[in-house]
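Residues in the sequence shown are numbered consecutively from 5, following my numbering. Even for Gly, the Cβ is constructed at its ideal location relative to N, Cα and C.
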Amino acid sequence: MQQRLTLITLGVRDLNRSLKFYEEGLGWKKSSDSQEAVAFFSLGGMVLSLFGWDALAEDAGQTPAGSGFRGISLAYNTRSREEVDAVLQLAEKAGGKIVKPAEEVFWGGYSGYFTDPDGHLFEVAHNPFWEMNEQGQVLLP
């Protein structure tokens with residue numbers, strides 16, 4: 005596994021309020037890949053995603069309240085489905101816990117989730133709709 009992150013997803017309680025903060029408050033420009041329920045911001049090779057708190061918890065197979073879910077996931081995007089499986093196996097072997105095995109997901113990709121030894125949530129995903137350069141950086145439109 006390369007030492008990199010590709011996507012940071014923040015679970016937000018009110019997407020419109022968060023969009024106002026990032027777009028109007030910080031002056032950031034939302035990617036045209038954004039959709040009604042999720043917003044993406046290019047961060048020079050990394051991506052910040054804003055996604056509903058409850059929806060992110062559901063996607064990761066976690067409950068939205070309590071100590072298990074913290075409203076954020078870090079993501080590692082891969083170039084293939086096979087690489088998703090390999091990274092999840094590597095994480096588990098290294099002491100991580102698989103909290104959601106890899107599977108086909110509603111948005112058309114393939115992903116699973118693990119937690120590190122401190123319980124930080126990581127998604128490992130193959131998004132066939134996103135281009136990645138040789139350095140593993142996601143190139144949003």
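Nearest to residue i by CA position, among the options, is which residue?
i      : options                       : result
Val16  : Gln93, Asn131, Phe25, Glu96   : Phe25
Phe55  : Gln66, Ala41, Thr67           : Ala41
Trp134 : Glu96, Gly112, Pro68          : Gly112
Glu86  : Gln39, Glu108, Gln7           : Glu108
Met5   : Gly75, Phe73, Ala90, Glu27    : Ala90
Gly75  : Val88, Gln66, Trp57, Leu92    : Trp57
Thr119 : Gln66, Glu138, Asn137, His130 : Gln66
Pro132 : Val88, Glu96, Lys97           : Val88
Using DSSP bridges, identify the partner residues of residue i.
i      : result
Leu78  : Ile12, Phe126
Gly116 : Val128
Met136 : Val142
Leu54  : Leu14, Ala43
Pull up the CB-CB distance for residue i and residue j, whole angstroms please, since I reckon it's below 8 Å.
i      : j      : result
Ile102 : Gly116 : 7 Å
Phe44  : Lys34  : 7 Å
Leu60  : Thr13  : 6 Å
Asp37  : Leu144 : 6 Å
Gly99  : Pro68  : 26 Å between Cβ atoms; not a contact.
Ser77  : Phe126 : 7 Å
Val142 : Val51  : 5 Å
Leu94  : Ala106 : Not quite, the Cβ-Cβ distance comes to about 13 Å (not below 8 Å), so this is no contact.
Considering just the uninterrupted stretch of the alpha helix (DSSP H) at residue i, what are its terminal residues?
i     : result
Glu62 : 57 to 63
Leu23 : 19 to 23
Arg85 : 85 to 97
In the DSSP assignment, the beta strand (DSSP E) including residue i goes from what residue to what residue?
i      : result
Lys101 : 101 to 108
Ser46  : 42 to 46
Item checked: Touching by the beta-carbon criterion (3+ pairs, under 8 Å), the segment 80 to 91 and the segment 18 to 32 -> no
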